[in-house]
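Numbering (the numbering used here), first residue to last: 25 to 187.
The C-beta atom is built at its ideal place from N, Cα and C for all residues, glycine as well.
Keep in mind it's a predicted model, so treat the numbers as computed, not measured.
What follows is a short report on a single structure.
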Amino acid sequence: MAKIHELLSHSSRSAERIPEIPLYMDQVLSYLDASLENLKRSENEPCITKTMINNYVKAGLLQAPVKKKYTRSHMMALTMLYRLKSVLQVKDIEAVLGEQKEEGLEMLYEEFLMIEKEIGRNLSEKYENFDFEDEDSIHKAILQLAVEADMNKRLMEHLIDKL
């Protein structure tokens, strides 16, 4: 129950709370692991790996680091990539995020944070009185969430195709 509450109340760090000083890869991984911890299914699941970050750079989803250091913009992009990669293919993420300049990325990230907060609030209200001990209720909720996720994903794909 506590894990579900943490998930529903998760809020990614605002741009102001992301370190201003550039970080090396290991620091990036530690930072992301700590800031996205509530979203992980299990404690030993890494949020993002070195390989994933390198692949994002190769795919053009993430700007290359400067002298092996990652900036606040990288952290914002990686936070969004972590959330998007579970529901979108790389080519679709590219269509959504596109080539963002630093100012555009910060605006997109702020919009992302507002959406994240609103959805978390809506889900918290929806499951406020939910009986997390009743197996029948849990099974029904799982089916409902799965069908809703599927429909949302298909709708996203159709909208992406219009970009």
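Determine, using beta carbons only, whether G144 and S33 come nearer to each other than 8 Å. With respect to S33, G144 sits close: the two C-beta atoms are nearer than 8 Å.
Using the C-alpha atoms, what's the distance from I28 back to K151? The residue you asked about is not Lys; residue 151 is Tyr in the sequence shown. Each residue's alpha carbon lies about 10 Å from the other.
Taking E227 as the reference, give the member of M76, F154, R37 with the closest Cα. With the chain covering 25 to 187 only, the question about residue 227 has no answer from this structure.
Could you tell me whether the Cβ atoms of L102 and I72 are closer together than 8 Å? A contact, by the Cβ cut-off of 8 Å.
Where does L183 land, buried or exposed, given buried means 16+ other C-beta within 10 angstroms? exposed
Nonlocal neighbours in the same chain, by C-beta distance under 8 Å from R96, ignoring five residues either side: A39, I42, P43, E44
With 16 as the cutoff for other CB atoms within 10 Å, does Y48 come out buried or exposed? exposed
Could you check which residue in K186, D160, E181 has the C-alpha nearest to that of V114? Considering only alpha carbons, the answer is E181.
Quickly, what does DSSP pair R47 with across the bridge? List them, please. Sequence check: residue 47 is Leu here, not Arg. Y94.
Name the two residues that bound the continuous alpha helix (DSSP H) containing D116. 114–121
Helix, strand or coil for I42 per DSSP? coil
With L121 and L85 assumed to form a contact (beta carbons below 8 Å), what rounded beta-carbon distance in angstroms separates them? 7 Å
F154 (DSSP reduced to helix, strand or coil): coil
Give me the Cβ distance between P70 and D57, rounded to the nearest whole Å; I'm assuming they're in contact under 8 Å. Right, their Cβ atoms sit about 7 Å apart.
Extent of the continuous alpha helix (DSSP H) run through S161: First-last of the alpha helix (DSSP H) with S161: 159–185.
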